[in-house]
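Below is one structure, written out as structure tokens; the observations come after it.
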Amino acid sequence: MATQQTRSLARFMMAPSVVLLFVWMIVPLAFTLWFSFQQYNPLNPIRDGFVGFSNYALFYSNPAFLQSILNTLILVGSVLLITVIGGILLALLIDQPMWGQGIVRILVISPFFVMPPVAALVWKNMIMHPQYGVFADIARFFGGQPIDWFGQYPMLAIIIIVAWQWLPFATLILLTSLQSLDGEQKEAAEMDGAGFISRFIYLTLPHMSRAITVVLLIQTIFLLSVYAEILVTTNGGPGYASTNLPFLVYQKALLEFKIGQASAGGIIAVILANIVAFFAMRAVGRNLDK
Numbered sequence: 010m011a012t013q014q015t016r017s018l019a020r021f022m023m024a025p026s027v028v029l030l031f032v033w034m035i036v037p038l039a040f041t042l043w044f045s046f047q048q049y050n051p052l053n054p055i056r057d058g059f060v061g062f063s064n065y066a067l068f069y070s071n072p073a074f075l076q077s078i079l080n081t082l083i084l085v086g087s088v089l090l091i092t093v094i095g096g097i098l099l100a101l102l103i104d105q106p107m108w109g110q111g112i113v114r115i116l117v118i119s120p121f122f123v124m125p126p127v128a129a130l131v132w133k134n135m136i137m138h139p140q141y142g143v144f145a146d147i148a149r150f151f152g153g154q155p156i157d158w159f160g161q162y163p164m165l166a167i168i169i170i171v172a173w174q175w176l177p178f179a180t181l182i183l184l185t186s187l188q189s190l191d192g193e194q195k196e197a198a199e200m201d202g203a204g205f206i207s208r209f210i211y212l213t214l215p216h217m218s219r220a221i222t223v224v225l226l227i228q229t230i231f232l233l234s235v236y237a238e239i240l241v242t243t244n245g246g247p248g249y250a251s252t253n254l255p256f257l258v259y260q261k262a263l264l265e266f267k268i269g270q271a272s273a274g275g276i277i278a279v280i281l282a283n284i285v286a287f288f289a290m291r292a293v294g295r296n297l298d299k
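Take the position in the sequence shown, starting the count at 1, then add 9; the result is the number in the working numbering.
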């Protein structure tokens, strides 16, 4: 057991990193909060001044606000559903003995290392393009009509791209959890006559529950800030059909130069992220305590 002296030494050695991390987070947040109560336009600094909660009211009254909240929740929920279910299936598949297993695992995980703008450009110009994309060639091969994904189904297109990026992460975490399952338990279940489905429901899935909650927590935090994929592919359109909260903040800050409204939107996004993270942490905590 660690003595009081070693615990004190550990706290002392960790203190600089904790303080640096705290300053790294609190300073930008403090500036964002300050600007959310200011009228600030870098192109017209003469009209700067304190405006109270006007920026919040203007951001809330924006026609795209409620749509952006809905799109954010749809994006997060859909990607989580796809990546968790797909990650479980892929983990079960690549856990089986096969020729070239190591190469297969590398290929499955590799999309996670592609930068979001690059992935979005590849999907936009090589896979989902309505004339030259792979999907269009497949549709024409079977006698169908190519689909304009980013014009007709923009949110679905974004969900597919983001899910493709995050599926390897979920697969890696779930595969690690699957491989930690005691082989003697699986052998005992097989000897008792349990089939694959019964073993999966009553043995494998409960064992993977902690890994699933960790995947849900980590991905939720990052999915709430998805931005690059939307900018590269749909630019928030058509209309507000694919505008989420981070992209709406970008529009206010860098296109309309309304820094105060953008800061108010940023604070709203932080509050939303903390609410989601709070419930996710509670779910993770309950699973880790079991």
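Where a beta carbon is used, it is the ideal one built from N, C-alpha and C, also for glycine.
Item	Value
Cα separation between residue 135 and residue 53?	42 Å
Who pairs with residue 59 in a beta bridge, going by DSSP?	47
Where residue 48 and residue 69 are concerned, what is the direct C-alpha to C-alpha distance, given to the nearest angstrom?	16 Å
Short of 6 Å in beta carbon distance, which residues of its chain neighbour residue 267, apart from the five on each side in sequence? Order them along the chain.	261
With C-beta atoms as the reference, is residue 249 less than 8 Å away from residue 17?	no
Would you mind reading off the limits of the alpha helix (DSSP H) that contains residue 52?	Where residue 52 is concerned, there is no enclosing alpha helix (DSSP H), given that its DSSP letter is neither H nor E.
Report yes if the CB atom of residue 93 is closer than 8 Å to the CB atom of residue 224, and no otherwise.	yes
Starting from the C-beta of residue 181, find all residues in its chain whose C-beta is less than 6 Å away, skip the five residues before and the five after it, and write them out in chain order.	118
Can you tell me which of the three DSSP states residue 36 falls into?	helix
Counting only the same chain and skipping the five closest in sequence on each side, list residues whose C-beta sits under 8 Å from that of residue 148.	154, 155 and 156
Excluding the 5 residues preceding and the 5 following residue 238 in the sequence, name in chain order all residues of the same chain whose CB lies nearer than 7 Å to its CB.	125, 129, 167, 170 and 171
Could you give the distance in angstroms between the alpha-carbon of residue 10 and the alpha-carbon of residue 20?	Interpretation of residue 10 is limited by its pLDDT of 47, a score under 50 that renders its predicted location unreliable; no figure is taken from the coordinates.
Return the chain-ordered list of same chain residues with a C-beta closer than 8 Å to the C-beta of residue 286, the five sequence neighbours on each side being excluded.	226, 229 and 230
Please go through the same chain and pick out, in chain order, the residues whose beta-carbon is closer than 7 Å to the beta-carbon of residue 85, but skip the five residues on each side of it.	229, 232 and 233
Roughly how many whole angstroms lie between the Cα atoms of residue 142 and residue 74?	33 Å
Is the CB-CB distance between residue 112 and residue 184 below 8 Å?	no
DSSP on residue 218, reduced to helix/strand/coil?	helix
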